Amino acid sequence: MHCLLSRIGITGTTDLREAFSNYIKNRGRSLIINPEKDATMVQDLLDFKEKLDLILHECFHDNDKFSNTLKDSFEFFINQRVNKPAELIAKHVDSKLRAGNKEASEEELEKSLDKIMVLFRFIHGKDVFEAFYKKDLAKRLLVGKSASVDAEKSMLLKLKQECGNLFTSKLEGMFKDMELSRDIMLAFEQSTHIREISGNITMTVNILTMGFWPTYPVVQANLPPEMCRFQETFTRFYLSKHNGRKLQWQYSLDHCLIKGYLKDKKAMKEFQVSLYQALVLLLFNYTEELSYKEIAEQTKIEEVELQRTLQSLACGKIRVMNKKPPVCERLCSKDVSTNDHFTLNTSFDHKLIRIKINQVQMKETPEENTSTTERVFQDRQYQIDAAIVRIMKTRKTLAHNKLITEVYAQLKFPIKSVDLKKRIESLLEREYMKRTEQDPNVYEYVA
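Written as structure tokens, this is what we have:
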């Protein structure tokens, strides 16, 4: 078809390009617009892009005009659904970089990341991608779930080459924090402070710079005396080296390895658990049975987290605790009640020595994802304000339409005109600039 139409000149190929564009937009929109298809959206987009590239090569002989049509049409439809494609592309990257992915080799993983970057280039809300990517990267780094450090750094380099240093500065800061933390722990272990710690526990601390990492809620927990002593000793050591800084402990990110004997005093087991799971299990060193209320009082774990923790220990696949009344398998009820009582499962047996007890996962709710998106929107407001002030400081006086044009040229994310107008009004109210007396559509910078 392309060969035939090209013989009649520009008119023929123009109509064909328009048909090609309409096909891409209509088919692409069907892939992204339906929330029920979100689980497969990214893979569907990758397959669709591969199909289009094949059509471009075999049917249109990699013609530049058809290539531009493909790019423009793909970019058009993928941004018809605001933010969601960016979020899901970030999560798809996480599935590839997380330990346990099905990529057979580093080479195949690298090819997958290159294909994902092609989609990334089309999306406008790259700051939305960055917010979700950072959230998932933090989990991989802190829990040691990265499939490959080389792959992580390769992806970071791709993002840096595509978006610049500013885009990846916080992500690079996260990696730097992990490296510095290893040096800090080495210095601590070689210091005199380590002699103050008695007992047979060891702890590793990661020092996270607040500005680099996602925001986490501050939660309380009642630590055993041994952990408290280590925490206090490390705090003294760290603050002696970094006067003026403040440490804020994030218990929700902690994980532990504890040793225990359940069925047989000779059959020692090691359990990989969260801090909350460890706090509950350690209580049974001093008693045989505890009620829900007693566990809550002694650990100070907040209710929702305690429910999840007890479910994982007494109702999951690996049950190191028993609860009374027992779990009702027939009714598929694995709920924990505030009236329940708990004991260690002394008949527990497992072929492995080291066993991971998974926490009951809290699926990311729409509210949590909305919260991440809202934080992105808040950051955008600061960037819009900064761009407007920067332009006005340079120009001193500028008409409304020209200001709008320059702001759009500077910003790297999509913004609605109504939102931009709100930011201008906000700056007028805060007296960063004012309307001129001669013309209300002309603004003047206020030094």
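Sequence positions in the sequence shown follow the working numbering and run 7 to 453. Built from N, CA and C at the ideal position, the CB exists for glycine as well. All of these numbers come straight from a predicted model, not from anything done at the bench.
Please classify residue i: is it buried, with 16 or more other beta-carbons within 10 angstroms of its beta-carbon, or exposed?
i, result
"R314", "buried"
"L358", "exposed"
"Y414", "exposed"
"M398", "buried"
"C338", "Unreliable positioning characterises C338 in this predicted model, as indicated by a pLDDT of 48, which lies under 50. A coordinate reading is not provided."
"S318", "buried"
"T19", "buried"
"G205", "exposed"
"E93", "buried"
"N249", "exposed"
"D53", "exposed"
"A453", "exposed"
"D260", "buried"
"Q86", "exposed"
"R386", "buried"
"C321", "buried"
"K141", "buried"
"M216", "exposed"
"Q167", "exposed"
If you compare alpha carbons, which of the options is closest to residue i?
i, options, result
"T210", "V149, V155, V366 and K265", "V149"
"E81", "L115, T46, K132 and R429", "K132"
"D120", "Y449, Q416, Q283 and K164", "K164"
"I190", "I363, F240 and E158", "F240"
"K247", "G170, C262, H199 and Y222", "H199"
"E24", "D44, L37 and K71", "K71"
"L3", "E116, R104 and K117", "Since the first residue shown for the chain is 7 and the last is 453, residue 3 is missing from the structure and cannot be characterised."
"S258", "V279, F26 and F243", "V279"
"S111", "I129, D156 and F348", "D156"
"M274", "F243, F354 and F290", "F354"
"F26", "R441, T46, V48 and D78", "D78"
"D412", "R396, D425 and V424", "In the sequence under discussion, the amino acid at residue 412 is Glu, which differs from the Asp named in the question. For the residues R396, D425 and V424, the minimum Cα distance to E412 belongs to R396."
"L115", "S154, P91 and V124", "S154"
"D346", "E309, A302, S297 and Q237", "S297"
"C262", "K252, N40, L281 and Y244", "L281"
"L22", "M47, C65, A45 and L37", "C65"
"N212", "V124, V366, L186 and D68", "L186"
How is the beta strand (DSSP E) around residue i delimited, first residue to last?
i, result
"C262", "H261 to Y267"
"K330", "M327 to K330"
With residue i as the anchor, note down where its alpha helix (DSSP H) starts and where it stops.
i, result
"T46", "Looking at the DSSP string, T46 is not in any alpha helix (DSSP H), and its letter there is neither H nor E."
"Y282", "L281 to L288"
"N5", "Nothing can be reported for residue 5, as the shown portion of the chain is limited to 7 through 453."
"M180", "N171 to E195"
"I301", "Y298 to T305"
"K323", "No alpha helix (DSSP H) holds K323; DSSP gives it neither H nor E."
"K422", "Careful: K422 lies outside any alpha helix (DSSP H) and carries neither H nor E."
On the three-state DSSP scale, how would you describe residue i?
i, result
"Y449", "strand"
"F348", "strand"
"T221", "coil"
"F354", "coil"
"N69", "coil"
"T403", "strand"
"H8", "Its pLDDT being 49, under 50, H8 is placed unreliably in this model, and the value from its coordinates should be taken loosely. In the structure shown, H8 sits in a helix (DSSP, three-state: H, G or I)."
"I361", "strand"
"Q444", "coil"
"R104", "strand"
"N89", "coil"
"E308", "coil"
"F138", "helix"
"E24", "helix"
"E116", "helix"
"E276", "strand"
"M216", "coil"
"S36", "helix"
"E295", "strand"
"S246", "helix"
"S79", "helix"
"S152", "strand"
Does the beta carbon of residue i sit closer than 7 Å to a beta carbon anywhere in chain B?
i, result
"N228", "The displayed structure is made up of one protein chain only, and chain B is not part of it."
For the ligand GTP, any of its heavy atoms closer than 6 Å to the Cβ of residue i?
i, result
"I359", "This structure does not include the ligand GTP; it has no bound ligands of any sort."
Touch test, the region 134 to 143 against the region 377 to 394, Cβ-Cβ under 8 Å, three pairs minimum: yes
Is there contact between the region 191 to 199 and the region 268 to 283, where contact requires at least three CB pairs shorter than 8 Å? no
Hey, is the region 223 to 238 in contact with the region 174 to 188, meaning 3+ C-beta pairs nearer than 8 Å? no
Decide if the region 23 to 40 is in contact with the region 51 to 70; the criterion is three or more beta carbon pairs, one per stretch, under 8 Å apart. yes
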